[in-house]
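Numbering (the numbering used here), first residue to last: 971 to 1262. Backbone N, C-alpha and C fix where the C-beta goes; we use that ideal spot for every residue, glycine too. Quick caveat: nothing in here was measured; it's all calculated off a predicted structure. Take a look at the structure set out below.
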Ligand SMILES: Nc1nc2c(ncn2[C@@H]2O[C@H](COP(=O)(O)OP(=O)(O)OP(=O)(O)O)[C@@H](O)[C@H]2O)c(=O)[nH]1
Ligand SMILES: [Mg+2]
């Protein structure tokens, strides 16, 4: 019997949703960083297993919208939750369950909602006397189909989680061809790889003010030339992103390049520059341009 279906990820920002998608897909398809609000738009990660195909929809963390950007992020979450065959609620075992988790749980565990599996993430290195009460608290959030202690970082517990999710999928044909792991066009994957490095290497307000625009991808005879811009909102952010003598933008580029070369399938020359677009997060036309 063939099974296929859509599993939507829900959870507070920073609990490890995108890390889990990458782990289950077995490839880097979603940006991950230590900063909350890393994921800005819905992206698909396809998990191929013998006889079944699980389409994971990585979503921005659930939050109260506070500007146009977060409003759009939240809208994509709501739309996806309505279409899913199952939801995967991700919790962080290292922080107590809070109002944010309860708010999301009320939504995904409501009567009539698709079945919900809970993943209690980041259990790596945690003593059992911290994991056990966290599991009980997770189960008490509602009536989830199952609760799994896992580590998206090490992969511990993810096979059992996967088996549970696959069993919830309806019978049906594969949606994506074998070998296809994401629906994101190459520009978007490259943009996310660059943004991920920029988020990890900067702090304070800079990570939230950064967007990436991939302007061109030109295949050459010995390497592909990628032209991209780091977009920020103020001149001082621009200074930080460029760094002393261009050191920061150079570092972002060189750390992003291996991932870009893997996505492109060959050597890449990355032409990366920094540009100011004041208030892009509040500007609908700018968000359209950036594909958010
Ligand atoms: N120790 C540990 N850290 C993890 C684990 N999973 C994720 N992390 C870390 O948690 C941070 C957030 O991970 P993300 O995958 O970006 O989290 P997210 O839920 O997608 O966050 P948003 O996109 O902002 O909503 C990163 O620094 C990850 O390396 C885990 O199993 N164990
Ligand atoms: Mg994410």
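Unbroken beta strand (DSSP E) runs of no fewer than 3 residues, entirely contained in the region 1186-1251, are found at 1194-1202 and 1238-1246, following chain order. No heavy atom of ligand 2 is found nearer than 7 Å to the CB of residue 1046. Residue 977 is not a Cβ neighbour of residue 992, given a cutoff of 8 Å. No heavy atom of ligand 2 is found nearer than 7 Å to the CB of residue 1062.
Judged by the Cβ position, residue 1007 qualifies as a neighbour of ligand 1 at the 7 Å threshold, a heavy atom of the ligand being closer than this. As DSSP reads the structure, residue 1060 sits in a beta bridge with 1089. If you check the CB distance, residue 1165 and residue 1225 do not come in under 8 Å. A Cβ-Cβ contact shorter than 8 Å links residue 1250 with residue 1181. Spanning the alpha carbons of residue 1000 and residue 1175 requires a straight line of approximately 22 Å. Taking all protein chains in view, the Cβ of residue 1155 is surrounded by fewer than 16 other Cβ atoms within 10 Å, so the residue is classified as exposed.
In terms of Cβ geometry, residue 1161 and residue 1184 form a close pair [threshold 8 Å]. DSSP, reduced to helix, strand and coil, places residue 1180 outside both helices and strands of the structure shown, so it counts as coil. Per DSSP, residue 1044 is not a residue of any beta strand (DSSP E); the alpha helix (DSSP H) it occupies stretches across 1038-1053. A straight line joining the alpha-carbon of residue 1117 with that of residue 1131 spans about 8 Å. CA-CA distance, residue 1018 to residue 1209, rounds to 44 Å. Between the region 1123-1137 and the region 1004-1013 there are fewer than three inter-stretch CB-CB distances shorter than 8 Å, so the stretches are not counted as touching.
The Cβ-Cβ distance between residue 1107 and residue 1032 does not fall below 8 Å. Residue 1144 has its CB no nearer than 7 Å to any heavy atom of ligand 1. Check the Cα spacing between residue 1227 and each of 1146, 1239 and 1262: the tightest is with 1239.
Counting only runs of 4 or more residues that sit fully inside the region 974-1000, the alpha helix (DSSP H) segments are 987-995, in chain order.
Judged by the Cβ position, residue 987 qualifies as a neighbour of ligand 2 at the 7 Å threshold, a heavy atom of the ligand being closer than this. Annotation for residue 1076: the continuous alpha helix (DSSP H) segment containing it runs 1069-1078. Residue 1247 places its beta carbon 8 Å or farther from that of residue 1187. In the structure shown, residue 1259 adopts helical secondary structure according to DSSP, grouped into three states. With respect to the C-alpha of residue 984, the residue from 1013, 1026, 1011 and 1030 having the closest C-alpha is 1030. With respect to residue 1058, residue 1089 sits close: the two C-beta atoms are nearer than 8 Å. According to DSSP, residue 1014 shares a beta bridge with 1027. Taking C-alpha positions only, residue 1113 is separated from residue 1075 by approximately 10 Å. Under DSSP, residue 1121 takes part in no beta bridge, so it has no partner.
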